[in-house]
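K.L.:
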Amino acid sequence: MEKRKSIFALLVIIFLFSALSINSSSPTAHVETEVFEQLEETNNVRVMIEFKEDNKFRKIKGDELGIKVKHNFGNKISAMINAEDLDQLQDNPKVKKIKIMGVKHISLSDSVPLINASIAWPIQIEGINVTGIDETICIIDTGVNYSHPDLGGCYGENNVSSDCKIIGGFDYCADDVTCTTSDNNPIDVNGHGTHVAGIAGANGTAKGVAPGAKIIMIKASNSTGTFWDDDLKSAIDWCVNNASAFNISVISMSLGGGLYDSYCDGVDDSEDLTSSINNAIAVNISVVVATGNDANYTHVASPACIQNVTAIGGTDKSDAIYSGGNRNNLTDLLAPGVSITSTYLGPTGYAIGSGTSMSAPHVAGAFTLLRQFYKLQTNKILTPSEIEIAFNNSGKIINDASSNLNFSKIDIYGAILLQDDKSPSVTLINPNNSLSTLEDNQSFNCNATDEIGLLNMTFYLWNSTGVVNQTNLSINGIFAQQEFNETGLSSGNYHWNCLVYDSQNNSAFASSNFSLTISDISVSLESPTNFTFTNVNQTLNCSSNTEVGIELSNVTLFVWNSTGDIIYNLTNNISGTTNSSSFQYNFSEAEELKWNCLIYTNISTSSFSSSNFTITYDTTNPNITLLNPSNSDSSNTGTSTVIFEYNVSESNIDDCSLIINGEVDQTASDVSVSEANNFSKSLASGSYNWNINCTDLANNLESSGIRSLTINAAAATSGGGGGGGGSTTTSTKKVYNVAKKEFQQGHSQLIKKGEQMKFAYQNLNHTLTLNQTFGQTAIVIIQSNPITLVINLGETKKINLDEDKTYDLEVSLISVSTSAEIKIKSINETIPTKQISGGGNSSFVVEELGVKEFQDYPWYWGVFIIVVILGIGIYKFVKIKLSIKLRKAGPKKK
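Each position in the sequence shown, counted from 1, maps to that position plus 959 in this note's numbering.
Dropping the structure here:
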């Protein structure tokens, strides 16, 4: 108890001491000397005003202070003030500090090939060139001449759907002098920003590093190239806040002020540019900044000295250090910066500029290309540090004799190669899988594609004991097809594949080996052809032959039902080295069957044909329902276009015809069994009878009932002769209907852009549309559920149409120019399951920053803290009141 009394007495003493310790010092806010100095030279100065902690979490309004606020940063604001404003602010008890606003200044193509940008543009991922497509560079500079044709010739007005290259931006210096007004139109009156924008992304007579990228321009300087730090901070924040809407991936700043020989985070930075830059990095936006042009090899300008930026120095066209540029151990990368030709003011203006200002947009464009490539290839986003490391590890090392430091000059193609971890795509062409043949001389063909470049191909042929042949050939380019010849293969079972390496040593075999049997017996199924549909009994024919010196012994026909059970077999004796056998087969019910022939020789060797044939027995006619027009319809007058609508129910439909007055008018083979079908016909006035005939693949024919239709005569008109009548035609792209039998056997069709192949699978209609061709590649869209497929010449790809565990469709590109010959085939192959083996699991480790829990303090410590706070508050309040009285009373007269 005595202890508590002693503590309480101590607290009271502290409180009284705090209340009585009042002096007559001035209550004015701290004002930097430079503010007074500049107000002596000019009427208005740009300042940053910092408020005391009690105003930290609310925005200060200008009318509270009697000034116009330019930017509001929470407990700081920026404003243009005069001497009278300064007097008022000094006496404002909310104001803590007033300091002069920092400024930055601008740092004053044939350079694109010097960084291997142009050889990166032809690289394609899924048919998209690596030119910066779908990426946006946010440039903070003097504005942009968006009317220049190389910069798109238009301004996107911040519309994310705009096709303009300069898709949007903001102007923090609309008055071009003091930067006290702002608007949404970042037009350039200086020229520097236009030059920078052209280097980064022009796409016309001049081509920038990323010609496919969009550009956001944030104008943050006046006409002389002066940037105030508050505008610069707001500009960076604008880029970050709008990054997701415009897909901004890099911020480029060709500006700077001051000189620093070490990281300057938070140094001379009352506007807190550091935190704005760190916010950009945190959302995967790279910040690229020029180091400045003071010919200094120990210091760089701010904000290039901030740790999280990528600081850019310059080189000339002979890869020597740009001597007029700044560089030190904070400099991250180099890029061309001497005599750079780029866009300028005027409708078609160009200019030559030098400086690290020209180097920075080279790197901004380069970062965009690498980010785009990696995202297309892996569907992942590289972080700013990963991009910077990639360019450091892949660039050309350049020594600076002045500082004896080594720097990396960017190499875009090299950086892309470094990030390429996708293996080539390998396709086995022929001989076909599971081939059984007597021919002991074989040619093996395979092809490969790679997004960057191929290196070599190795052919492997194995038999039951091991490798029979292993042949390696050098290849190059992004597509290669090779043939490997083998002679005198002995009888037996083989399998083969091709192993392909690309220029980054990524390698791959084809997804599965092909098998080959060199047999002493050859068996072929002759007729009926595979996937035959019939409504009558059939004669099944197969042929066989064998090597000289071996005699054929017997042939057995096997027939299986849909569940794989043998429902029929018959054996006939044969002889000689060549035979053709026929079997009469009578169907018992409608069903789908498979058949094959097994041949035996006199030395007890045997063989089936390489694959079974399918035959479907169908005696059911299609079921037709007429929908429109109704029977005896007479609703049309004068020449009219009539839509004849119907439904048909049939699993193996072939085609349907419109019959008018007993004659076939038109026939369609693209008949849907899941939705209504129709024919369109222009008819003059008169009476008609119509019906629909449908035939299935087994030649079962059904005719619907007949309906009548009347087209009324148009009413006669009087008066002068009018102009001639007209007709309207509709141009439609061709649709090629692939019959079920053709689809099962494999069907090739030459189609133009926009044309379609229509086929049915599992009673659902699907289309394959040619979307685009380029080089040796075609892009097709397969739907009902849209699947976009990029396929190269000679390549075959397998598609899962119904999201089960099997491939249902095989697509091959036979030839390609402006049109493409495409083959489609129905398949039923189990999708292989990929297994990944390796040394254990890996995971990202996030280091958690712990927060220490507060300990429970005794009650008297709580009272102590409260009393001290109250004491300090009363002390400051009384001090300010007394100071104001002394200021108003003025100095005492002596």
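Built from N, CA and C at the ideal position, the CB exists for glycine as well.
Where does Q1331 fall in DSSP's three states?
P.N.:
Here residue 1331 corresponds to residue number 372 of the sequence shown, with the count starting at 1. Note: Q1331 maps to helix in three-state DSSP.
K.L.:
Per DSSP, which one or two residues make a beta bridge with L1660?
P.N.:
As a first step, residue 1660 is located in the sequence shown; it is residue number 701 there, counting from the start. The partner list for L1660 (beta bridge, DSSP) reads T1654.
K.L.:
Counting only runs that start and end within the segment 1350-1403, where is the alpha helix (DSSP H) found for 4 or more residues in a row?
P.N.:
1371-1378
K.L.:
What separation, rounded to the nearest whole angstrom, lies between the Cα atoms of F1438 and Q1429?
P.N.:
Here residue 1438 is taken as the residue at index 479 of the sequence shown, counted from 1. Here residue 1429 is taken as the residue at index 470 of the sequence shown, counted from 1. Using only the alpha carbons, I get a separation of about 21 Å.
K.L.:
Could you check what DSSP says for M1039 in three-state terms: helix, strand or coil?
P.N.:
On the sequence shown, position 80 is the one that residue 1039 refers to. Of the three classes helix, strand and coil, the one that applies to M1039 here is strand, per DSSP.
K.L.:
Just how far apart, CA to CA, sit I1854 and T1342?
P.N.:
Limits of the chain in this structure are 960 at one end and 1853 at the other, which puts residue 1854 out of reach.
K.L.:
Whole angstroms are fine: how far does the CA of T1327 sit from the CA of K1334?
P.N.:
Your numbering for residue 1334 matches position 375 in the sequence shown. Your numbering for residue 1327 matches position 368 in the sequence shown. In this structure, the CA atom of K1334 is about 11 Å from the CA atom of T1327.
K.L.:
If we count Cβ pairs, one from each stretch, closer than 8 Å, do we get three or more for the segment 1482-1489 versus the segment 1557-1568?
P.N.:
yes
K.L.:
Taking the CB atoms as reference points, tell me whether G1160 and A1172 lie closer together than 8 Å.
P.N.:
As a working note, residue 1160 is residue 201 in the sequence shown. As a working note, residue 1172 is residue 213 in the sequence shown. Yes, these two residues count as a Cβ contact at 8 Å.
K.L.:
Less than 7 Å between C-beta atoms, sequence neighbours within five positions excluded: which residues of the same chain meet that for T1854?
P.N.:
No answer is possible for residue 1854: it lies beyond the span of the chain, which begins at 960 and ends at 1853.
K.L.:
Three-state secondary structure (DSSP) at H1154?
P.N.:
Counted from its first residue, the sequence shown places residue 1154 at position 195. If DSSP states are grouped into helix, strand and coil, H1154 belongs with the helices.
K.L.:
Just checking, does the segment 1098-1111 make contact with the segment 1124-1144 on the three C-beta pairs under 8 Å criterion?
P.N.:
Contact holds: three or more Cβ-Cβ distances are below 8 Å.
K.L.:
Alpha carbon to alpha carbon, how far is L1752 from I1738?
P.N.:
In the sequence shown, residue 1752 corresponds to position 793, counting from 1. In the sequence shown, residue 1738 corresponds to position 779, counting from 1. Roughly 11 Å separates the two Cα atoms.
K.L.:
For the segment 1137-1144 against the segment 1152-1167, do three or more pairs of beta-carbon atoms, one drawn from each stretch, fall closer than 8 Å, so that the two count as touching?
P.N.:
The answer is no - the segment 1152-1167 does not touch the segment 1137-1144, with fewer than three Cβ pairs under 8 Å.
K.L.:
Quick one: is S1433 buried, meaning 16 or more other Cβ sit within 10 Å of its Cβ, or exposed?
P.N.:
In the sequence shown, residue 1433 corresponds to position 474, counting from 1. Answer is exposed; the Cβ neighbour count stays below 16.
K.L.:
Do you know how far the Cα of T1307 is from the Cα of E1780?
P.N.:
Sequence index remark: in the sequence shown, residue 1780 carries index 821 (1-based). Sequence index remark: in the sequence shown, residue 1307 carries index 348 (1-based). If I take the Cα positions, the gap works out to 44 Å.
K.L.:
Would you check if there are 3 or more beta carbon pairs closer than 8 Å linking the segment 1411-1429 to the segment 1451-1461?
P.N.:
Contact between the segment 1411-1429 and the segment 1451-1461 is established, with three or more Cβ pairs separated by less than 8 Å.
K.L.:
Does DSSP put L1841 in a helix, a strand or coil?
P.N.:
Locating residue 1841 in the sequence shown gives position 882, where the first residue counts as 1. With a pLDDT of only 44 at L1841, under the threshold of 50, the placement of this residue in the model should not be trusted, and no figure is reported.
K.L.:
Here's a check: name, in chain order, each residue in its chain whose Cβ is nearer than 8 Å to the Cβ of G1679, leaving out the five neighbours to either side.
P.N.:
Here residue 1679 refers to the residue found at position 720 of the sequence shown. Bear in mind that a pLDDT of 41 at G1679, under 50, signals an unreliable position, so the model cannot answer this.
K.L.:
Straight-line CA distance for L1191 to I1740?
P.N.:
Against the sequence shown, residue 1191 aligns to sequence position 232. Against the sequence shown, residue 1740 aligns to sequence position 781. Going from the Cα of L1191 to the Cα of I1740 covers about 46 Å.
K.L.:
Return helix, strand or coil for P1791, following the three-state DSSP convention.
P.N.:
Counting from 1 along the sequence shown, the entry for residue 1791 is found at position 832. In the structure shown, P1791 falls within a coil segment according to DSSP collapsed to helix, strand and coil.
K.L.:
Run through the segment 1212-1269 for me and flag every whole beta strand (DSSP E) of 3 or more residues, listed as ranges in chain order.
P.N.:
Complete beta strand (DSSP E) runs here, min 3: 1214-1219, 1245-1249, 1259-1261.
K.L.:
In this structure, how does DSSP classify V1148 when only helix, strand and coil are distinguished?
P.N.:
Counted from its first residue, the sequence shown places residue 1148 at position 189. For V1148, the three-state secondary structure derived from DSSP is coil.
K.L.:
Please classify A1179: does DSSP put it in a helix, a strand, or coil?
P.N.:
Taking the first residue of the sequence shown as 1, we reach residue 1179 at position 220. Coil at A1179, not helix or strand.
K.L.:
I'd like the list of long-range same chain contacts for I1146, defined as Cβ closer than 6 Å, with 5 residues on each side in sequence excluded.
P.N.:
Mapped onto the sequence shown, residue 1146 falls at position 187. If we look at I1146 and ignore the five residues flanking it on each side, its Cβ neighbours are G1102.
K.L.:
Determine the closest residue to L1458 out of S1471, S1663, K1711, D1189, with distance taken between C-alpha atoms.
P.N.:
Within the sequence shown, numbered from 1, the residue matching residue 1458 stands at position 499. Checked all of S1471, S1663, K1711, D1189; the closest Cα to L1458 is S1471.
K.L.:
Comparing C-alpha positions only, which one of P1081, W1554, Y1720, P1072 sits nearest to T1300?
P.N.:
Counting from one through the sequence shown, the residue named residue 1300 turns up at place 341. Of the candidates P1081, W1554, Y1720, P1072, the one whose C-alpha sits nearest the C-alpha of T1300 is P1072.
K.L.:
For the alpha helix (DSSP H) holding I1195, just list the boundary residues, first then last.
P.N.:
Against the sequence shown, residue 1195 aligns to sequence position 236. Where I1195 is concerned, the enclosing alpha helix (DSSP H) stretches over 1188-1200.
K.L.:
Quick check: I1619 and I1651, are their CB atoms within less than 8 Å of each other?
P.N.:
Within the sequence shown, the letter at position 660 stands for residue 1619. Within the sequence shown, the letter at position 692 stands for residue 1651. For I1619 and I1651, no; Cβs fall outside 8 Å.
K.L.:
Go to E1701, then tell me how far its alpha helix (DSSP H) extends in each direction, as first and last residue.
P.N.:
Counting from one through the sequence shown, the residue named residue 1701 turns up at place 742. Its alpha helix (DSSP H) spans residues 1699-1704.
K.L.:
With F1542 and L1511 assumed to form a contact (beta carbons below 8 Å), what rounded beta-carbon distance in angstroms separates them?
P.N.:
Locating residue 1542 in the sequence shown gives position 583, where the first residue counts as 1. Locating residue 1511 in the sequence shown gives position 552, where the first residue counts as 1. The Cβ separation is near 16 Å, so there is no contact.
K.L.:
Check this for me: beta carbons of A1374 and S1353, under 8 Å apart or not?
P.N.:
Numbered from 1 along the sequence shown, position 415 holds the residue referred to as residue 1374. Numbered from 1 along the sequence shown, position 394 holds the residue referred to as residue 1353. Yes.
K.L.:
How many Å lie between E1506 and T1728 at the Cα?
P.N.:
Locating residue 1506 in the sequence shown gives position 547, counting from the first residue. Locating residue 1728 in the sequence shown gives position 769, counting from the first residue. Taking the straight line joining both Cα atoms gives about 47 Å.
K.L.:
From S1644, Y1527, V1119, E1622, pick the residue whose C-alpha is nearest to that of N1201; which is it?
P.N.:
Taking the sequence shown and counting its residues from 1, the one referred to as residue 1201 is at position 242. Per the Cα distances, V1119.
K.L.:
Should I1175 be labelled buried (16 or more other beta-carbon atoms within 10 Å of its own) or exposed?
P.N.:
Here residue 1175 is taken as the residue at index 216 of the sequence shown, counted from 1. I1175 comes out buried.
K.L.:
Let me know the secondary structure DSSP gives A1673 once reduced to three states.
P.N.:
Start at 1 with the first residue of the sequence shown, and residue 1673 comes out as number 714. Reduced to three states, the DSSP call for A1673 is coil.
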